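Below: the structure, in structure tokens.
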């Protein structure tokens, strides 16, 4: 009886069977069919959503890996085909620009690195709907032979920051003006003309993270989460996760194409970033091993 009462106390707040059936269950003989049914339901519920183990971090994945997509066509440094002064691929929507040959190699190398880190553990991929990110996933996944064990989720909240007419406006003086305005206001709050500010990206990344948290409570959640997205989205994710302030965000520098940010779970359930972070000094909280793994000068 004591053990059943303990189960009742643990599950009563969140159970969906109601107070009256639970009261009857506590005082019924253990061999009663109704009592056995409710006991199994409560035990299942507690094993799936045990708040104490969740609070300790036991049910959190071992790693969160953030990856910037490979190099993409459509920018002046990746395409030498000119039509009316514009690279051919730049005429395509930014959402539909493919990887360059170098970008494909970058994604392949990133996949090899991920496989080395993850090994045979379970993994879920969250991917931006941009073609550059979906193609990057197709090359990354080539390193994982057990494709049936991989989960793939395309989430529009991971899309790139909308830069408005930044890429459409080819006047160098106008582009320089935008850059100066961004430096003056700060990259977090600056809103691109006809576009969005990084602060808005931060809001949708926060919404995505809440969805991800809820899935962690499931018994069958994988032990690794890989997010293939864009540099600014990675910045917002890290800022939100580690509670960095706006000044820290503004010091972050762009991730290289195909670069990884690996967050590993510690013994206390918290996470540390164990890969170099492209940022101007000083180094923020939540970053580990920088003494033995310094930031490359050109990062």
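Residue numbers (this note's numbering): 1 to 299. Note that the Cβ used here is the ideal one computed from N, Cα and C, for glycine as well. This structure is a prediction, so every number in the text was calculated from the model and none was measured.
Query                                                                                                                                 : Result
Coil, strand or helix - residue 253 by DSSP                                                                                           : coil
CB of residue 248 within 8 Å of CB of residue 261, strictly                                                                           : no
Alpha-carbon spacing of residue 302 relative to residue 199, whole angstroms                                                          : Since the displayed the chain opens at 1 and closes at 299, residue 302 lies outside it and no answer follows.
C-beta atoms of residue 71 and residue 100 nearer than 8 Å                                                                            : yes
Residue environment, residue 278, which counts as buried when at least 16 other CB atoms sit within 10 Å                              : buried
Inter-stretch contact (C-beta, 8 Å, three-pair minimum) for the region 219–226 and the region 120–132                                 : yes
Element boundaries [alpha helix (DSSP H), containing residue 139]                                                                     : 131–140
Residues of its chain near residue 112, where Cβ-Cβ distance is below 8 Å and the 5 sequence neighbours each way are ignored          : 143
DSSP three-state assignment for residue 247, whether helix, strand or coil                                                            : helix
When 184, 194, 237 are compared against residue 210, the one with the closest alpha-carbon                                            : 237
Residue range of the unbroken alpha helix (DSSP H) whose run includes residue 123                                                     : It is not in any alpha helix (DSSP H) - residue 123 instead sits in the beta strand (DSSP E) that spans 123–127.
Beta-bridge partners of residue 67, as assigned by DSSP                                                                               : 228, 260
Contacts around residue 92, its chain only, beta-carbon distance under 7 Å, and the 5 residues preceding and following it disregarded : 74
Between the CA atoms of residue 190 and residue 220 - distance to the nearest angstrom                                                : 41 Å
Residue 151: first and last residue of the uninterrupted beta strand (DSSP E) it sits in                                              : 150–154
Span of the beta strand (DSSP E) around residue 108                                                                                   : Not the beta strand (DSSP E): residue 108 falls in the alpha helix (DSSP H), residues 101–118.
Cβ pair residue 103, residue 206 closer than 8 Å                                                                                      : no
Distance between residue 97 and residue 272 (C-alpha atoms, nearest Å)                                                                : 33 Å
Selection from 64, 94, 138 that minimises the alpha carbon distance to residue 109                                                    : 138
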